[in-house]
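There are 2 protein chains.
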Amino acid sequence: MTHPNAHLIGQQGGRRALATPALVLDKAAFEANIAAMAAAAKASGLALRPHAKTHKCKSVAARQLAAGAVGLCVAKTGEAEALIDTPGLKSLLITSPVLGPSAPNRVAALASRIDELLVVADSDLGADALSRAAVATGVTLGVVVDVDPGIHRTGCAGPDATVALAQRVAGLPGLRFAGLQCYAGHAQHIEDYETRVVIGQMALADLAESAARLTALGLAPPILTGGGTGTFAIEAGLGVLTELQAGSYVFMDVEYDAVVLTQGGASPFQPALLVEARVISANTADFVTIDAGFKSFATDGPKPVVIGGAPAGSEYAFMGDEHGAIFAPLALGSTVTLQVPHCDPTVNLYDFIHVVDGDTLVDLWPIEARGRSY
Amino acid sequence: MTHPNAHLIGQQGGRRALATPALVLDKAAFEANIAAMAAAAKASGLALRPHAKTHKCKSVAARQLAAGAVGLCVAKTGEAEALIDTPGLKSLLITSPVLGPSAPNRVAALASRIDELLVVADSDLGADALSRAAVATGVTLGVVVDVDPGIHRTGCAGPDATVALAQRVAGLPGLRFAGLQCYAGHAQHIEDYETRVVIGQMALADLAESAARLTALGLAPPILTGGGTGTFAIEAGLGVLTELQAGSYVFMDVEYDAVVLTQGGASPFQPALLVEARVISANTADFVTIDAGFKSFATDGPKPVVIGGAPAGSEYAFMGDEHGAIFAPLALGSTVTLQVPHCDPTVNLYDFIHVVDGDTLVDLWPIEARGRSY
Numbered sequence: 005m006t007h008p009n010a011h012l013i014g015q016q017g018g019r020r021a022l023a024t025p026a027l028v029l030d031k032a033a034f035e036a037n038i039a040a041m042a043a044a045a046k047a048s049g050l051a052l053r054p055h056a057k058t059h060k061c062k063s064v065a066a067r068q069l070a071a072g073a074v075g076l077c078v079a080k081t082g083e084a085e086a087l088i089d090t091p092g093l094k095s096l097l098i099t100s101p102v103l104g105p106s107a108p109n110r111v112a113a114l115a116s117r118i119d120e121l122l123v124v125a126d127s128d129l130g131a132d133a134l135s136r137a138a139v140a141t142g143v144t145l146g147v148v149v150d151v152d153p154g155i156h157r158t159g160c161a162g163p164d165a166t167v168a169l170a171q172r173v174a175g176l177p178g179l180r181f182a183g184l185q186c187y188a189g190h191a192q193h194i195e196d197y198e199t200r201v202v203i204g205q206m207a208l209a210d211l212a213e214s215a216a217r218l219t220a221l222g223l224a225p226p227i228l229t230g231g232g233t234g235t236f237a238i239e240a241g242l243g244v245l246t247e248l249q250a251g252s253y254v255f256m257d258v259e260y261d262a263v264v265l266t267q268g269g270a271s272p273f274q275p276a277l278l279v280e281a282r283v284i285s286a287n288t289a290d291f292v293t294i295d296a297g298f299k300s301f302a303t304d305g306p307k308p309v310v311i312g313g314a315p316a317g318s319e320y321a322f323m324g325d326e327h328g329a330i331f332a333p334l335a336l337g338s339t340v341t342l343q344v345p346h347c348d349p350t351v352n353l354y355d356f357i358h359v360v361d362g363d364t365l366v367d368l369w370p371i372e373a374r375g376r377s378y
Numbered sequence: 005m006t007h008p009n010a011h012l013i014g015q016q017g018g019r020r021a022l023a024t025p026a027l028v029l030d031k032a033a034f035e036a037n038i039a040a041m042a043a044a045a046k047a048s049g050l051a052l053r054p055h056a057k058t059h060k061c062k063s064v065a066a067r068q069l070a071a072g073a074v075g076l077c078v079a080k081t082g083e084a085e086a087l088i089d090t091p092g093l094k095s096l097l098i099t100s101p102v103l104g105p106s107a108p109n110r111v112a113a114l115a116s117r118i119d120e121l122l123v124v125a126d127s128d129l130g131a132d133a134l135s136r137a138a139v140a141t142g143v144t145l146g147v148v149v150d151v152d153p154g155i156h157r158t159g160c161a162g163p164d165a166t167v168a169l170a171q172r173v174a175g176l177p178g179l180r181f182a183g184l185q186c187y188a189g190h191a192q193h194i195e196d197y198e199t200r201v202v203i204g205q206m207a208l209a210d211l212a213e214s215a216a217r218l219t220a221l222g223l224a225p226p227i228l229t230g231g232g233t234g235t236f237a238i239e240a241g242l243g244v245l246t247e248l249q250a251g252s253y254v255f256m257d258v259e260y261d262a263v264v265l266t267q268g269g270a271s272p273f274q275p276a277l278l279v280e281a282r283v284i285s286a287n288t289a290d291f292v293t294i295d296a297g298f299k300s301f302a303t304d305g306p307k308p309v310v311i312g313g314a315p316a317g318s319e320y321a322f323m324g325d326e327h328g329a330i331f332a333p334l335a336l337g338s339t340v341t342l343q344v345p346h347c348d349p350t351v352n353l354y355d356f357i358h359v360v361d362g363d364t365l366v367d368l369w370p371i372e373a374r375g376r377s378y
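In order, the protein sequence lines correspond to chains L and F.
End of the first sequence sits at 378 in the working numbering; the numbers just go up one at a time, nothing left out.
End of the second sequence sits at 378 in the working numbering; the numbers just go up one at a time, nothing left out.
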């Protein structure tokens, strides 16, 4: 079964003829976002290790690497398996703790397929399992000790636990102590810049103290990794991290558009990830119905925002699994363009990214790691 | 890349060793649900045409057909393409209007692969496009005219518009007038039974009047299709529909568990669709972190409900894209079983259903139509 939009590649106006709903990437905005973050990271002296949980796509990842990224992050082992052979990928970090009967072995099996495989741990049990898997497989795994930024989602609770786990890792066969991670997820979407600076700093306090103590113990962490699109402009000033895990900047969703990303207020990033949908019913006075609902947009955050095909300011409302309303008198069969509300879980609904240049469909990129949360 | 859980099929206790999160189907509950709805439909004299937008899976569909279903519903053309060769499938209804440059042709291309292909229309433009596609392809399409139940999502507005479109369809080349549809989505989740009877009746008033007028005009609708899991026990008493489109009954999610499905209050259906997740971090006093968040559960409705692996009444809370909290002191690496909040958009996140019999994994069923909203 070939994709019903494949025949439209290269056709002028093909974007308007897409089988909908379609996940669309504005090529110019996407390329500008990649260049802007690469430049910002370079200027700040931080290494950039983009988080691929956002896009789950080799074609996107390869372009981030070509622009100077030192490697990639993924959240899950399944994503690592799906993206391990991304062109140009030399270092891959799995940012969630890995546990269970099969996951440590799956991680170890990947290590021989890449220059550097890094994986997070926040418990003795997790580190010990990685050690056993590495020894059984005959590889060395780089283990990054995760530090809780204060939200208690993952990570060691405080410097004592962090230092102890790092020392344990350093002594386990098959493992190399590769550094510390601290991802302040709660700081990323604080809309006010100055508040975000304060919260970001607080979140990194335990990481900074742990790194200092480990250095004094002769176990200096090779990398200190964390940060996101919400704090990319702050991290250099805080002076703690050595590398940045930002992901959403490539797409810029409705959520991040509400965040004042830089001190001056200007955002270096543009909305690049869109959904093209179609009016499929128009029998009422107040709105028309489009073919995109809960199965086409993430529903954990704000609503999708209409940015094309309808008068400025037209509102979208969910109408169940398959449909949505646009409050505008649109023609039956016409297409509407919406910015995605929260990019990561929206991408996870689609198998292909439709790359567009204006109204021309230029490529279909498979989303190789879609659904690979395991 | 084979599925990391494939090697566990048939192993005693394999369910506890799954790579997680995994979408799990309790075989006994699932089979009981299929049998219960088949029996209820038979007793009521209504034909059963289960909605496959719920499960998107040939293996589930084939079992519904084997139990006596007259055919299937799908919401979208892409689902029809993915499920067209389901064993035992003789009649397939696409329940949303089909518009755009390619969709009518894609529908027509399917007609020769099945005994009966039915598709909904609610506009002249839509019916005309189907007629052109059918003529160009050399097939006959059965068109079901959609009637608005009062929520203005899709459907003709009132009996005048419905009768006029049915007459138009009957006169167009390549089309056959196949009946009327009225799906009262807003009635399905009203938790009180008596209120649901009243709303259900009101929603079908335009369908009933349209059917009577068409019959008087010599254009009796061959089928009157609609209803859902929320109204399955009501429809026979209302005496309007000839067939029932229920879908969620096969799985029973948290949402439908809150609905009093029958007059006596007893539900003939059991929770069958579950997510198996794993504790991957346990460094805080109040809760543990599992590996299932926004990418593993639908977020449009209630929260997932913990039903195994933790003390009764333990609560789940979302902790972002990849993680959730369970408020219980669980062991690191242990598994937790959760009932899915809203089944349709949850299934749409996964590529495989893990069929379990107790603690044994007995099969992996591909979810062929996952993501095919286009």
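Glycine residues also receive a C-beta, built at the ideal position from the N, C-alpha and C atoms.
Given a threshold of 16 other Cβ atoms within 10 Å of its Cβ, counted over all protein chains shown, does residue i qualify as buried or as exposed?
i                 : result
His11 of chain L  : exposed
Met206 of chain F : exposed
Gly14 of chain F  : exposed
Thr246 of chain L : buried
Asp361 of chain F : exposed
Thr219 of chain L : exposed
Leu221 of chain L : exposed
Val202 of chain F : exposed
Ser116 of chain L : exposed
Asp210 of chain F : buried
Glu46 of chain L  : For clarity, residue 46 of chain L is Lys in the given sequence; the question names Glu instead. Under this definition Lys46 of chain L is an exposed residue.
Whose Cβ in chain F lies nearer than 8 Å to the Cβ of residue i?
i                 : result
Tyr187 of chain L : In chain order: nothing, as chain F lies at least about 10 Å away.
Ala137 of chain L : By Cβ distance, chain F contributes nothing, its closest Cβ being about 14 Å from Ala137 of chain L, past 8 Å.
Ala161 of chain L : Asn287 and Thr288
I'd like to know whether the C-beta of residue i is nearer than 8 Å to at least one C-beta of chain F.
i                 : result
Arg110 of chain L : yes
Tyr378 of chain L : yes
Cys61 of chain L  : no
Arg157 of chain L : yes
Pro105 of chain L : yes
Pro315 of chain L : no
Pro8 of chain L   : yes
Name, please, each residue of chain L whose Cβ falls closer than 9 Å to the Cβ of residue i.
i                 : result
Asn352 of chain F : Phe298, Lys299, Asp325 and Leu353
Ser252 of chain F : Under the 9 Å cutoff, chain L gives no residues; its nearest Cβ is about 11 Å from Ser252 of chain F.
Gly14 of chain F  : Within 9 Å Cβ-Cβ: nothing; Gly14 of chain F doesn't reach chain L, min ~16 Å.
Compare the C-beta of residue i with all C-beta atoms of chain L and state if any pair is closer than 8 Å.
i                 : result
Leu134 of chain F : no
Asp228 of chain F : Note that residue 228 of chain F is Leu in the sequence shown, not Asp. It does not; no Cβ of chain L falls within 8 Å.
Arg282 of chain F : yes
Ala23 of chain F  : yes
Pro333 of chain F : no
Arg177 of chain F : Note that residue 177 of chain F corresponds to Pro in the displayed sequence, not to Arg. It does not; no Cβ of chain L falls within 8 Å.
Under 8 Å Cβ-Cβ, which residues of chain L neighbour residue i?
i                 : result
Ala302 of chain F : Phe298 and Thr303
Ala79 of chain F  : Asp325 and Glu326
Ser127 of chain F : Ser285, Ala286, Asn287 and Leu336
Since residue i meets chain L, which of its residues come closer than 7 Å, beta carbon to beta carbon?
i                 : result
His55 of chain F  : Chain L residues near His55 of chain F: none, gap ~10 Å exceeds 7 Å.
Gly154 of chain F : Chain L residues near Gly154 of chain F: none, gap ~10 Å exceeds 7 Å.
What does residue i touch in chain F if you count any residue whose Cβ is under 7 Å from its own?
i                 : result
Thr293 of chain L : Arg157 and Thr158
Gly375 of chain L : Leu353, Tyr354 and Asp355
Quick one: which chain F residues come within Cβ less than 9 Å of residue i?
i                 : result
Ile140 of chain L : Looking at the sequence provided, one finds Ala at residue 140 of chain L rather than Ile. Here the premise fails: no neighbours, minimum Cβ distance about 16 Å.
Ala26 of chain L  : Tyr378
Short-range partners of chain F found in the region 75 to 103 of chain L, where Cβ spacing is below 8 Å: Among the residues of the region 75 to 103 of chain L, those with a Cβ less than 8 Å away from any Cβ of chain F are Ala79, Lys80, Thr81, Gly82, Glu85, Ala86, Ser100, Pro101, Val102 and Leu103, in the order of the chain.
Secondary structure, beta strand (DSSP E): runs of 3+ residues fully inside the region 74 to 109 of chain L: If only complete runs of 3 or more residues are kept, the region 74 to 109 of chain L shows the beta strand (DSSP E) at 76 to 78 and 95 to 98, in order along the chain.
Residues of the region 340 to 371 of chain F whose Cβ lies closer than 7 Å to any Cβ of chain L, in chain order: Result list: Asp348, Pro349, Asn352, Leu353, Tyr354 and Asp355.
Runs of alpha helix (DSSP H) wholly within the region 233 to 278 of chain L (minimum 4 residues, chain order): Complete alpha helix (DSSP H) runs here, min 4: 236 to 242 and 258 to 261.
Secondary structure, beta strand (DSSP E): runs of 3+ residues fully inside the region 302 to 363 of chain L: The qualifying runs are 309 to 312, 320 to 322, 328 to 330, 339 to 343 and 356 to 361.
Contiguous alpha helix (DSSP H) assignments of at least 4 residues, all confined to the region 175 to 236 of chain L: For the region 175 to 236 of chain L, whole alpha helix (DSSP H) runs of length 4 or above, ordered along the chain, are 189 to 192, 197 to 207 and 209 to 220.
Length-filtered (4 minimum) alpha helix (DSSP H) runs lying within the region 101 to 150 of chain F: With a minimum length of 4 residues, the continuous alpha helix (DSSP H) runs that stay inside the region 101 to 150 of chain F are 107 to 115 and 128 to 141.
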